[in-house]
Each structure stands twice: as structure tokens, then as C-alpha cells.
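Chemist: Quick mapping for you: the protein sequence lines, in order, are chains A and B.
In terms of my numbering, the first sequence opens at residue 380 and continues consecutively.
In terms of my numbering, the second sequence opens at residue 380 and continues consecutively.
2 protein chains.
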Amino acid sequence: MSHYSAPLRDMHFVLRELAGIEQVGKLPGYEEATPDTVDAIIEEAAKFASGVLAPLNAPGDQQGAVWRDSGVTMPTGFLEAYGQFIENGWNGIGAEPEYGGQGMPYTVVAAVNEMWKASNMAFSLCPLLTTGAIEAITLNGSPELKAAYLPKMIEGSWTGTMNLTEPQAGSDLALVRARAVPQGDGTYKVFGQKIFITYGEHDMTENIIHLVLARTPDAPEGVKGISLFVVPKFILNADGTPGARNDLRCVSIEHKLGIHASPTCVMAYGDNGGATGYLVGKENEGLKYMFVMMNAARFAVGLEGVAIAERAYQQALQYARDRVQGRDLADGSGPVPIIRHPDIRRMLMMMKSQTEAMRALAYVVAAAHDAARRHPDAEERKRNLAFVEFMIPIVKGWCTETGIDVASLGIQIHGGMGFIEETGAAQHWRDSRITTIYEGTTGIQAMDLIGRKIVRDGGATIKSVIAAMQQTAAQLGQAQGEDFAAIQAGFARGLQAFTDAALYIGGNVQKDIKGVFAGAVPFLKLAGIVCGGWQMARAALVAQEMLAAGGGDAGFYKAKIATARFFAEHLLSQAPGLAATMIKGGASTLAVPEEFL
Amino acid sequence: MSHYSAPLRDMHFVLRELAGIEQVGKLPGYEEATPDTVDAIIEEAAKFASGVLAPLNAPGDQQGAVWRDSGVTMPTGFLEAYGQFIENGWNGIGAEPEYGGQGMPYTVVAAVNEMWKASNMAFSLCPLLTTGAIEAITLNGSPELKAAYLPKMIEGSWTGTMNLTEPQAGSDLALVRARAVPQGDGTYKVFGQKIFITYGEHDMTENIIHLVLARTPDAPEGVKGISLFVVPKFILNADGTPGARNDLRCVSIEHKLGIHASPTCVMAYGDNGGATGYLVGKENEGLKYMFVMMNAARFAVGLEGVAIAERAYQQALQYARDRVQGRDLADGSGPVPIIRHPDIRRMLMMMKSQTEAMRALAYVVAAAHDAARRHPDAEERKRNLAFVEFMIPIVKGWCTETGIDVASLGIQIHGGMGFIEETGAAQHWRDSRITTIYEGTTGIQAMDLIGRKIVRDGGATIKSVIAAMQQTAAQLGQAQGEDFAAIQAGFARGLQAFTDAALYIGGNVQKDIKGVFAGAVPFLKLAGIVCGGWQMARAALVAQEMLAAGGGDAGFYKAKIATARFFAEHLLSQAPGLAATMIKGGASTLAVPEEFL
Numbered sequence: 380m381s382h383y384s385a386p387l388r389d390m391h392f393v394l395r396e397l398a399g400i401e402q403v404g405k406l407p408g409y410e411e412a413t414p415d416t417v418d419a420i421i422e423e424a425a426k427f428a429s430g431v432l433a434p435l436n437a438p439g440d441q442q443g444a445v446w447r448d449s450g451v452t453m454p455t456g457f458l459e460a461y462g463q464f465i466e467n468g469w470n471g472i473g474a475e476p477e478y479g480g481q482g483m484p485y486t487v488v489a490a491v492n493e494m495w496k497a498s499n500m501a502f503s504l505c506p507l508l509t510t511g512a513i514e515a516i517t518l519n520g521s522p523e524l525k526a527a528y529l530p531k532m533i534e535g536s537w538t539g540t541m542n543l544t545e546p547q548a549g550s551d552l553a554l555v556r557a558r559a560v561p562q563g564d565g566t567y568k569v570f571g572q573k574i575f576i577t578y579g580e581h582d583m584t585e586n587i588i589h590l591v592l593a594r595t596p597d598a599p600e601g602v603k604g605i606s607l608f609v610v611p612k613f614i615l616n617a618d619g620t621p622g623a624r625n626d627l628r629c630v631s632i633e634h635k636l637g638i639h640a641s642p643t644c645v646m647a648y649g650d651n652g653g654a655t656g657y658l659v660g661k662e663n664e665g666l667k668y669m670f671v672m673m674n675a676a677r678f679a680v681g682l683e684g685v686a687i688a689e690r691a692y693q694q695a696l697q698y699a700r701d702r703v704q705g706r707d708l709a710d711g712s713g714p715v716p717i718i719r720h721p722d723i724r725r726m727l728m729m730m731k732s733q734t735e736a737m738r739a740l741a742y743v744v745a746a747a748h749d750a751a752r753r754h755p756d757a758e759e760r761k762r763n764l765a766f767v768e769f770m771i772p773i774v775k776g777w778c779t780e781t782g783i784d785v786a787s788l789g790i791q792i793h794g795g796m797g798f799i800e801e802t803g804a805a806q807h808w809r810d811s812r813i814t815t816i817y818e819g820t821t822g823i824q825a826m827d828l829i830g831r832k833i834v835r836d837g838g839a840t841i842k843s844v845i846a847a848m849q850q851t852a853a854q855l856g857q858a859q860g861e862d863f864a865a866i867q868a869g870f871a872r873g874l875q876a877f878t879d880a881a882l883y884i885g886g887n888v889q890k891d892i893k894g895v896f897a898g899a900v901p902f903l904k905l906a907g908i909v910c911g912g913w914q915m916a917r918a919a920l921v922a923q924e925m926l927a928a929g930g931g932d933a934g935f936y937k938a939k940i941a942t943a944r945f946f947a948e949h950l951l952s953q954a955p956g957l958a959a960t961m962i963k964g965g966a967s968t969l970a971v972p973e974e975f976l
Numbered sequence: 380m381s382h383y384s385a386p387l388r389d390m391h392f393v394l395r396e397l398a399g400i401e402q403v404g405k406l407p408g409y410e411e412a413t414p415d416t417v418d419a420i421i422e423e424a425a426k427f428a429s430g431v432l433a434p435l436n437a438p439g440d441q442q443g444a445v446w447r448d449s450g451v452t453m454p455t456g457f458l459e460a461y462g463q464f465i466e467n468g469w470n471g472i473g474a475e476p477e478y479g480g481q482g483m484p485y486t487v488v489a490a491v492n493e494m495w496k497a498s499n500m501a502f503s504l505c506p507l508l509t510t511g512a513i514e515a516i517t518l519n520g521s522p523e524l525k526a527a528y529l530p531k532m533i534e535g536s537w538t539g540t541m542n543l544t545e546p547q548a549g550s551d552l553a554l555v556r557a558r559a560v561p562q563g564d565g566t567y568k569v570f571g572q573k574i575f576i577t578y579g580e581h582d583m584t585e586n587i588i589h590l591v592l593a594r595t596p597d598a599p600e601g602v603k604g605i606s607l608f609v610v611p612k613f614i615l616n617a618d619g620t621p622g623a624r625n626d627l628r629c630v631s632i633e634h635k636l637g638i639h640a641s642p643t644c645v646m647a648y649g650d651n652g653g654a655t656g657y658l659v660g661k662e663n664e665g666l667k668y669m670f671v672m673m674n675a676a677r678f679a680v681g682l683e684g685v686a687i688a689e690r691a692y693q694q695a696l697q698y699a700r701d702r703v704q705g706r707d708l709a710d711g712s713g714p715v716p717i718i719r720h721p722d723i724r725r726m727l728m729m730m731k732s733q734t735e736a737m738r739a740l741a742y743v744v745a746a747a748h749d750a751a752r753r754h755p756d757a758e759e760r761k762r763n764l765a766f767v768e769f770m771i772p773i774v775k776g777w778c779t780e781t782g783i784d785v786a787s788l789g790i791q792i793h794g795g796m797g798f799i800e801e802t803g804a805a806q807h808w809r810d811s812r813i814t815t816i817y818e819g820t821t822g823i824q825a826m827d828l829i830g831r832k833i834v835r836d837g838g839a840t841i842k843s844v845i846a847a848m849q850q851t852a853a854q855l856g857q858a859q860g861e862d863f864a865a866i867q868a869g870f871a872r873g874l875q876a877f878t879d880a881a882l883y884i885g886g887n888v889q890k891d892i893k894g895v896f897a898g899a900v901p902f903l904k905l906a907g908i909v910c911g912g913w914q915m916a917r918a919a920l921v922a923q924e925m926l927a928a929g930g931g932d933a934g935f936y937k938a939k940i941a942t943a944r945f946f947a948e949h950l951l952s953q954a955p956g957l958a959a960t961m962i963k964g965g966a967s968t969l970a971v972p973e974e975f976l
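1) Which whole-angstrom value is the C-beta distance of G782 of chain A and Q791 of chain A, which I expect to be below 8 Å?
2) So with Cβ pairs under 9 Å, would you call V980 of chain B a contact of chain A?
3) If we ignore side chains and look at the alpha-carbon of each, how far apart do W808 of chain A and L508 of chain A end up?
4) Quick check: is the beta carbon of S712 of chain B nearer than 9 Å to any beta carbon in chain A?
5) Using DSSP bridges, identify the partner residues of N567 of chain B.
6) Helix, strand or coil for M483 of chain A per DSSP?
7) For the putative contact between D814 of chain B and E683 of chain B, defined by C-beta atoms under 8 Å, what is the C-beta separation to the nearest angstrom?
8) What residue does the alpha helix (DSSP H) around R809 of chain A start on, and which one ends it?
9) Determine, using beta carbons only, whether N674 of chain B and E768 of chain B come nearer to each other than 9 Å.
10) Taking the runs of the beta strand (DSSP E) that are 3 residues or longer, which of them lie wholly in the segment 517-557 of chain B?
11) Near S712 of chain A, which residues of its chain fall below 8 Å by C-beta distance, leaving aside the five closest residues on each side in sequence?
12) Once DSSP output is grouped into helix, strand and coil, what is the label at G885 of chain A?
13) Within 10 angstroms of the Cβ of P476 of chain A, are there 16 or more other Cβ atoms? Answer buried if so, exposed if not.
14) For R556 of chain B and A593 of chain B, what's the separation of their Cα atoms in angstroms?
15) So P755 of chain B and A876 of chain B are in contact, right, with Cβ under 8 Å, and what is the actual spacing, rounded?
16) Decide if the segment 577-590 of chain A is in contact with the segment 539-547 of chain A; the criterion is three or more beta carbon pairs, one per stretch, under 8 Å apart.
17) Using a 10 Å radius around the Cβ and a threshold of 16 neighbouring Cβ atoms, would you call L518 of chain B buried or exposed?
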């Protein structure tokens with residue numbers, strides 16, 4: 380079984396030098412996030428991730444969550460680990476202090492969450508879903524709802540779920556059919572079946588708080604008639620403790636490709652008269668509330684891509700150092716560890732460079748999220764929010780697609796052993812495969828990027844992003860040496876391709892919407908590579924400064940520059956081709972009549 | 380569970396128009412492969428694949444092969460299916476008529492094998508390994524060995540295996556330690572452990588004939604001291620029937636990511652005094668014999684990529700037609716089947732165009748293999764053999780890498796259902812993952828391509844391939860219309876990139892072998908895309924001729940041209956980036972010191 384150590388050196392570098400954690404800690408309300416506190420949190424989280432969560436990852440996969448009529452039993456060790464997790468206060472580090480949270484910035488939470496996801500993705504989904512439910516209640520719930528549910532949920536004593544999907548309503552929530560009938564006493568009776576409910580049932584806590592999308596009797600059709608309800612597994616007593624069992628149950632759990640320890644539930648509401656539910660906010664506004672939470676959820680899934688890539692990389696690197704096979708290509712000596720073979724090196728560098736680029740982009744977006752929430756200047760808040768909203772589909776779509784690729788390289792480096800389940804490399808690949816699907820497929824992220832994030836504001840945000848990239852390009856142009864010449868050339872070509880494709884979208888989306896959207900995913904991939912290359916270029920510039928300042932750690936900084944160059948030559952090199960596909964490939968995508976597919 | 384229908388329309392097109400099956404049937408010794416016979420074989424194989432093998436694919440995955448101390452039990456239905464398979468004569472269709480084979484050309488065998496692999500990859504590995512063993516004995520065995528083993532193996536009543544790998548000797552066979560001690564009576568006693576032995580044990584036949592690599596006592600070190608032995612599970616009686624149990628056993632089978640129905644065995648030889656073995660050919664020549672068989676084996680694994688892509692495509696296409704979700708992007712009507720959404724179309728076209736390109740390339744290489752074996756003109760045989768040897772690593776490496784990508788798109792089209800094992804889309808992806816590893820990883824194929832197939836003959840073969848491609852490019856230049864302009868532009872750019880990269884290899888491999896080999900896999904991918912694009916361009920030119928001739932089937936031919944254009948705009952567009960990575964990316968791949976990875 381593979382070990383996991385949080386990549387603290389790179390995390391600190393990205394937090395400090397690229398995401399500007401010190402500036403984040405100066406935003407009003409984040410004063411407690413001092414450098415010392417942040418460092419302490421990161422160190423402790425690293426210990427918990429490698430010491431408690433990582434060892435349960437492979438056994439959890441093998442054992443899986445088990446459904447019985449009486450409920451769902453989690454794999455051995457999960458209950459205890461969850462107990463320690465909430466006892467140590469990890470569940471609420473990002474939540475509002477008013478209800479017991481620690482109120483840490485998103486930037487810090489992102490780094491901590493990367494560790495939970497990398498050490499045990501299946502486990503991490505439980506607090507992830509709880510966080511989503513907390514956010515829904517915090518943003519839209521009545522004071523009574525907040526008081527009744529938030530403290531226990533933030534503490535982690537009760538977990539939360541999100542019930543959106545139904546068999547006929549996956550990506551298209553307009554088709555939701557679950558019903559909620561008002562009882563005249565402020566409560567509702569909820570009826571219907573929901574599928575793909577992550578941690579819809581488990582044995583780790585005394586209550587589970589379901590957030591359920593349903594239609595009231597007179598609701599309009601489509602997405603404008605969906606309301607959001609709190610439906611607890613156990614209805615609360617007058618004293619706030621869990622009381623009577625509510626009319627809901629987990630009918631079965633799915634047999635999945637990966638994340639076996641995370642129970643994916645089919646939930647039945649109201650089979651015996653109706654499940655008691657409480658409206659969140661107003662009727663028919665449910666989808667709006669969901670959309671507000673969606674950014675956070677999509678960002679979190681994007682982080683799963685970063686995390687699984689890091690985990691797969693660590694395991695492959697160890698194997699490449701240990702496995703002795705074949706001779707040195709240049710001098711014939713050996714047998715040598717396979718890390719000496721150029722193609723193994725190439726695969727490791729593909730893994731390393733993309734993981735670092737994704738981490739940098741994700742943390743930078745998290746920091747902008749903090750500024751969007753807490754910056755004293757309204758213009759700055761607005762500017763940062765636009766940046767975050769633009770970047771979310773890129774972080775979600777690109778990091779998850781890349782996470783799968785990186786996990787696949789991890790298998791490849793293991794050779795035949797990679798195909799044997801006991802090795803553990805295959806689990807990362809299997810686990811990663813859901814990330815490009817849930818919380819909106821890559822196709823949906825790409826449509827969001829073009830439709831809502833580029834076209835809707837007339838290109839204002841993408842122009843400002845391109846302007847910021849041009850500044851970095853200019854800085855690269857002033858840097859010396861062969862490495863920076865290569866980084867500059869690669870980034871400039873990538874930026875040009877990105878700009879060309881963006882202009883193509885602006886000029887053609889009205890007259891040829893299908894043709895433009897046929898290139899949406901290639902465009903998203905292009906955007907991811909160029910944004911990742913941008914952050915790697917920034918990282919290289921910082922590294923060069925650090926080297927010039929001579930403060931030590933030269934090996935790390937030199938490796939960062941070499942890794943940025945690798946990214947430019949092996950990833951940014953794909954940008955012109957992606958732009959060409961985006962710009963020219965729409966017609967041929969749609970040309971073959973359906974019956975000849 | 381998904382259905383499979385052999386893609387007969389495209390298979391016939393490729394066989395006739397691109398691979399030239401009629402010319403193949405005129406080669407001396409292939410006269411029985413008349414168009415009528417070939418058609419009949421293809422039709423019958425299609426029925427067997429969809430009717431018998433395909434329905435066992437998903438149940439075989441779920442049940443898996445089961446090891447017990449007494450042996451390995453195959454999943455329900457496999458024994459009966461195998462019985463029918465050999466009863467119908469499928470096992471020997473490519474084998475020598477002298478020993479009971481049908482002597483069909485490789486081209487026909489390739490098409491038939493694609494069907495076995497697509498309908499049930501795990502099943503298909505059994506006859507695949509038997510074929511390898513048959514070939515080893517046919518090419519190198521003594522008349523006595525041939526007479527004793529070939530008839531039963533060609534018939535399929537006995538299966539064959541290949542025992543190469545040991546725990547410390549995977550890709551590097553120099554490290555093989557298994558021993559073979561001569562007994563003075565012409566036989567040897569074989570000792571040692573072998574791993575990853577496909578169908579090393581099963582309950583479908585009365586004997587299993589193992590081909591085992593081992594060292595004799597005085598053998599030189601390294602690859603020059605390896606000999607090849609026939610080691611039957613049951614030693615033959617004087618009358619040729621299986622008699623005493625030999626001293627070998629299956630110790631365990633692997634718990635794998637995919638191909639669960641194919642038992643991957645750990646084999647122990649000689650635990651009780653030595654397993655009786657018979658030398659194949661001469662001592663210390665074992666690796667040479669293996670290399671001769673390797674082309675066929677690598678080609679066969681490349682076909683697995685084609686096959687799994689076809690299977691995944693068929694399943695995804697059906698789902699995309701059936702699943703109703705979301706509204707039409709242009710007119711807002713709906714909900715519509717998801718096949719109407721541009722990104723779903725793009726994914727289907729990625730699957731379709733790459734599958735067709737891979738099939739075309741594979742069958743063309745098979746036809747060249749036939750010409751290399753049977754053409755009356757020695758020069759033509761030599762020319763075709765060089766072409767085949769050049770193309771084998773491309774077919775193996777590119778088709779398998781692409782097969783995984785295509786299977787992944789199949790999951791993505793299914794959305795959340797793709798992650799649920801019952802849907803079956805995930806199995807194709809899991810099954811496909813071994814194909815880039817066994818019979819030499821993609822990295823090894825890429826090194827073979829550069830080292831043995833380009834550098835060794837001073838670039839003579841690649842020059843002739845490029846010259847042939849230039850002829851196709853010239854023909855494209857004379858074709859009319861927007862589609863051909865796009866195909867021509869894409870192919871010309873791809874060919875230029877391929878040529879540039881090839882020249883770079885020629886100019887730099889001596890002075891910077893590691894830097895050049897660091898780009899070996901990007902180069903192999905580039906070669907695959909350009910070779911695939913070449914065949915799609917040829918296909919489009921034929922389709923245009925057919926349309927001009929007006930013989931019907933216009934829909935198929937128009938779709939072929941549109942698909943070729945899609946391939947040019949979505950795949951060939953990647954070629955310049957891959958060439959740039961190959962040419963510039965060597966130094967940065969190797970720049971980071973090992974301790975900073």
C-alpha cells in the first residue's frame with residue numbers, strides 16, 4: 380500500500396508566493412489566519428492525512444461501504460477516523476465562527492482539503508457534502524433552521540447531503556419530479572426518489588441532514604419551480620436532539636468503478652406518508668440557491684483532480700526509484716532503477732508539472748475567492764468575483780481531466796504491476812474517473828465557461844485575464860537564460876492561441892452556436908493549459924528572484940524553473956492545435972447525419 | 380448489458396478498398412481466400428461474436444476466473460463457448476494447413492480477431508496465446524515437436540501459453556532466472572517461477588502447452604543465454620494422448636483491474652523434482668525465437684485497442700440516442716436525446732474517427748504482412764516486411780493508447796451511469812488499461828520505433844513511408860471541395876511535422892540519445908496520428924470515387940469523407956505540437972535532478 384506525505388514544500392511555496400496568503404490574512408475577518416496559524420494548520424492537517432486517512436484508503440476501497448436493510452456500514456476504521464476528524468475540529472475550519480466554525484480563508488481550506496482528498500478521496504466526500512449543506516443553510520436558511528442545524532453540522536456530529544439527481548433528471552434539473560406538500564404548520568411532506576446521493580446513509584454520526592430539491596403542488600414547470608428542503612434522517616425533538624425516525628430510507632447503494640468506501644445511495648422519501656421537510660429560503664428559489672453553492676462544490680471537485688494527481692505521482696515516483704529493470708541508455712550500465720529511463724522521466728515530469736500547475740491555479744483562485752468575499756473595496760470584490768467565476772469551470776474541468784491522465788501515467792510507470800489491484804495505482808485511476816462527471820461534466824463546465832463566463836459579460840472578464848497574462852509574458856521577456864526563453868516562447872504561443880480562440884467565440888457564437896459549442900471542451904482544455912502555464916511562469920519568475928536573493932533552497936527553485944520549462948515544452952505546445960480545432964472543427968463535428976454515426 | 384454487432388460495413392470497406400483483400404487473395408498460397416470465402420468467414424465470425432461471445436463479456440467480468448488449489452474455474456458459459464469456438468474451426472483459421480489449419484491470410488484473421496476482442500477481450504486472450512505458442516513451435520520446433528503438439532493446438536483442443544516474465548524480469552528478460560537442466564535423454568527438467576501467465580491454468584481443455592524461457596546450466600549471462608522449452612501440463616503418452624501430470628502448477632491468480640475472466644497466473648515449475656520440458660530449436664536462441672513471434676503478438680494487442688474502441692463506441696452511441704436530457708442548444712426544443720448536444724457529438728466523432736483510422740491502419744499492415752510472407756517477388760516481400768516492422772510499434776502503441784482514450788469517452792458520454800459498473804461502460808475502460816502495458820509498454824514500442832525501425836536502417840524505411848504519404852497528399856491536392864481542402868491542409872501539416880521530427884531523430888540520436896528518447900512516446904503518438912490520418916485520407920479519396928461512380932451507399936461514403944475531415948481537424952491538428960515537444964522537449968525532461976522529483 381502506498382504512503383502519502385502532503386507536498387508541504389510546494390504547498391507553502393504556492394500559498395506564499397503565488398496565492399499571497401499573507402495578503403489574504405490581512406483581509407477583514409481573516410485576521411486570525413496569521414502566517415504562524417496557517418503554518419500550524421497545514422502541518423497538523425498533513426499529519427492527520429498521512430497518519431490517519433491515508434492508511435484507510437486502500438482497505439476502504441477493498442472493503443467498500445456495505446448496504447443492509449438496516450442501513451449502511453462503513454469500512455473498518457472509518458467511524459473512528461471520522462470521530463478523530465471532528466474531534467480535532469477539522470470539519471468546521473472554513474465555516475462561520477457564529478455557529479462554531481473557525482472561519483479560515485478559502486485559501487487555507489483549499490490546501491487542507493487537498494490533503495484529505497489525496498489521502499482518502501472516498502472519506503473526504505463526507506465532509507465535502509456536509510460543507511455544501513452547511514453553506515446552503517447558512518446562505519438561505521431562516522434563523523431557526525440555522526440555529527437548529529448549523530452548530531451540529533459544523534461540528535460534524537451530523538453530516539449533510541445534497542439530493543438533486545433523479546433517474547430522469549441528471550444534468551437537467553428541469554426534469555425533477557420529487558414533490559413537497561405543505562402541511563399548513565410550516566412543514567412539508569416530501570415524496571420521491573433521489574439517486575447518486577453521496578453519503579446518503581452511513582453509520583458514522585447520529586443524524587444525517589438531507590437537502591432535497593422538490594416541487595410544491597402549484598410550482599411552475601421546469602427549473603423555476605424547484606424548492607429546497609431540509610429533511611433530517613431523525614426529526615429533532617423540542618430540545619434539539621434527534622428524535623423520531625423520518626420517512627426516508629436508503630434503498631440501495633451503487634456498485635461503482637471507484638470511491639468504493641463512499642456510499643452512493645438511492646434514497647426514497649415518503650414511502651410511508653411523507654418525509655417531514657423544512658423549506659430553505661423561499662419556494663421556487665431552490666435552483667438559485669444551488670447555483671450559489673455550485674462554485675464551491677465545483678472548485679472542490681477540481682481540487683480532487685489536483686489531489687489524486689499528487690497521490691498518484693508520489694506512488695509512481697517511489698516505484699520508479701525502487702524498481703530495477705533495464706540498462707542505462709547512454710552508457711549501458713545496469714540494471715538501473717527505471718527512473719533513469721528517459722520515458723519514465725518524461726512520465727514523471729508530466730505528472731509533476733501538471734500537478735504543480737493545477738495546484739498553483741487552484742490556490743490562486745481560492746485566494747481570489749477570499750478577496751471576493753472580504754476585500755474592503757467593492758470594486759476589488761467585484762473584480763475578484765468575476766475572476767473566480769471565470770476560473771471555476773477551468774479548475775473543475777481541466778484539473779479533473781488532467782487528474783485522470785496523471786493517474787493513468789501512474790499505472791503506466793508501474794508496468795504490469797499497475798494492473799494488479801494490490802499495488803494501489805489502479806485505485807487512484809478508478810477513483811479519479813468520477814471527477815469529470817459529478818458536479819457537472821466537463822462538457823457542462825465548458826458550456827458554462829463559454830456561455831456564462833465569456834459571452835454573457837461581452838468578454839470583459841476574459842479580456843482582463845488575458846491582460847494579466849500579458850503582463851506575465853512581458854516579465855518573462857525580460858528574464859535571462861535559455862530556460863526563460865523557452866518558457867517565454869511557449870507561454871506566448873499559448874496565450875496567442877487562447878486569445879485567437881476567445882476572439883473566435885466572440886465573433887461566431889451568435890451565428891453558429893452549435894459550431895462554437897462543438898469546440899467548447901477543446902477550448903476548456905486550452906484554457907486550462909494556458910492558465911496552468913501562466914501560473915508555472917509566475918512560479919518560475921519567483922524562483923528566479925529567490926535564487927538571485929540567495930536565501931537557500933536553491934534545488935527547489937531550480938527544479939521549479941526546469942518544471943515550468945517542461946510544462947511550456949510538453950503542455951503549452953498543445954495550445955495552438957487546440958485553438959485550431961476550436962476554430963475550424965465545428966462543422967465536421969456536426970456534419971455526419973445521426974443515422975450514419 | 381451492451382450488445383455488440385461487428386461493424387461489417389466498415390470492415391468490408393477497409394478490407395476491399397484500403398487493405399486490398401482481393402490482391403491478397405491472389406498471392407500464392409492464399410488462393411482459397413476468394414472474395415466469397417472471405418465474406419462468408421466474416422459473416423459467420425460476426426454471428427459468433429455477437430451471439431456467443433458478447434453476452435458472456437459482462438458476466439465474465441463480474442464472476443471472474445476463480446483459483447482453487449485444484450485449478451482454475453472459468454466463469455459460467457466460457458467452457459461451452461470455447462467448445463463451440465473450436466468446433467466451428469475458429470482456432471486454426473490462420474494456421475498452417477499442413478497441421479490442420481485453414482491458412483487464411485493475416486488480413487482476414489485480423490478482421491476476425493477484431494470481432495473476438497471486441498465481443499469478449501478476456502475470452503479472446505486464450506486463442507491469442509495459443510496462436511503465439513503455435514507460431515513458436517511452427518517456426519522453430521523439431522518435426523517431432525510439431526507432430527506431437529501442433530494438430531491439437533491448432534484444433535484448439537489444447538491451449539498454449541507464453542512464460543516469459545518473472546518477478547525481477549518484466550520488460551528486461553536479461554534478468555530471467557528460471558533453470559532448465561538437461562537429462563541426457565533429450566529432455567530437460569525445468570525449475571522456476573513465472574508470473575503474469577495468461578491462461579496459465581483453466582478448465583476448458585484437457586491439456587495446456589506451456590512455452591517457457593529458461594537458462595541451461597552453462598548458458599551465458601543476459602539475453603544470450605535464454606532457451607525456449609515446451610512444458611506440457613500433462614506429459615504425452617506414447618500414443619500422443621495426455622498422460623502423467625507434469626511438475627508444474629498454478630500457485631495463484633492475480634486480482635486485476637480488468638479482463639477478470641482471463642486468468643493471469645503465477646506458475647511454479649519443478650517444485651517436486653523438475654518439470655519435464657522439451658527444447659524448442661537450439662539452446663540460447665530462445666529470445667531470438669520470441670522476437671520473431673513478437674510482431675504478431677504486438678499487432679494482436681494493437682488490434683485489442685481497435686476492438687475495445689469499437690465496442691465502447693457502439694455502447695456510447697446507443698446510450699446517446701436513448702438518453703433524453705437537456706434542450707436543443709439552437710432552438711431550445713426538447714428535452715432531446717443527448718446525441719443532439721454538440722459536445723456529445725464531438726465525443727462520438729472522436730470515438731468513431733479514431734476507431735476507423737485505427738482499423739484502417741491495422742488491416743493495411745496485416746495485408747502488408749501477407750505480402751511480406753507470400754509475394755512472389757523477393758523485393759516486394761522485403762519491402763513489405765520493412766513496412767510491417769516499421770508499423771508494428773505504431774499499431775501496438777498508438778492503437779492501445781487511443782483505445783483507452785476512446786473507452787474513457789464512452790464512460791463520459793454515459794455521465795453518472797458510466798461510473799456504475801452495471802452499465803458496462805467502465806468494463807471496457809478497465810479492460811483496455813492493460814493493452815498499453817503487456818507485450819511491451821508504449822515506452823518500449825516507442826524505443827523500438829526509433830531505435831530498431833528508424834535509426835538502424837539509416838532512415839530508409841521511414842523515407843519510403845513518407846514518400847507514400849506524399850503521394851496521398853498530392854492526390855488530396857487534386858480533389859475538389861471544402862472537405863478535401865480541410866483534409867489536405869490537416870494531413871499536409873501532420874506530414875510536415877512527422878518529417879521534421881524524423882529528421883530531428885536522424886540528426887541527433889547519436890549525440891543526444893537520452894534527449895531524443897525522452898521524446899520517443901510523443902513521436903510515436905505523432906506517428907500514429909499521421910499514419911491514421913493517412914489512411915483516413917485514402918478512405919476519403921476512395922469514397923469520393925465511389926460517390927462519383929454513383930453505385931449507391933452514398934450515405935456511408937459521405938460520412939467517411941466527413942469523418943476524415945473531422946480526423947484532420949481534431950486529431951491531425953495535434954501533430955505540430957507533438958513534433959515541437961519531440962524536437963525541443965528533451966532537455967527539460969531530464970533537467971530536474973532525481974532527488975528533486
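Don't be surprised by glycine CBs; every beta carbon is placed ideally from N, CA and C.
Modeler: A quick look at the data gives this:
1) Contact check for G782 of chain A and Q791 of chain A: beta-carbon distance about 15 Å, past the 8 Å limit, so the pair fails to qualify.
2) Nothing about residue 980 of chain B can be reported from this structure: the residues present for chain B run from 380 to 976 only.
3) Our two residues, W808 of chain A and L508 of chain A, have alpha carbons roughly 22 Å apart in a direct line.
4) No - not a single Cβ of chain A is within 9 Å of the one on S712 of chain B.
5) Strictly speaking, residue 567 of chain B in this sequence is Tyr, with Asn absent from that position. BP columns for Y567 of chain B point to B:P561 and B:G656.
6) The answer is coil: DSSP assigns M483 of chain A none of H, G, I, E or B.
7) One point to set straight first is that residue 814 of chain B is Thr, not Asp, in the sequence displayed. T814 of chain B to E683 of chain B, Cβ: 5 Å. Contact.
8) Where R809 of chain A is concerned, the enclosing alpha helix (DSSP H) stretches over A804 to S811.
9) Yes, the pair counts as a contact, with Cβ atoms nearer than the cut-off.
10) Along the segment 517-557 of chain B, the beta strand (DSSP E) occurs as fully enclosed runs of 3 or more residues at 537-542, listed in sequence order.
11) Excluding residues within five positions, the ones whose Cβ falls inside 8 Å are R706.
12) If DSSP states are grouped into helix, strand and coil, G885 of chain A belongs with the helices.
13) Result: exposed.
14) For R556 of chain B and A593 of chain B, the distance between alpha carbons rounds to 7 Å.
15) Rounded, the Cβ-Cβ distance is 37 Å, inconsistent with contact.
16) Contact between the segment 577-590 of chain A and the segment 539-547 of chain A is present: 3 or more CB-CB pairs across the two stretches fall below 8 Å.
17) By the neighbour-count rule (16 or more Cβ atoms within 10 Å), L518 of chain B is not buried but exposed.
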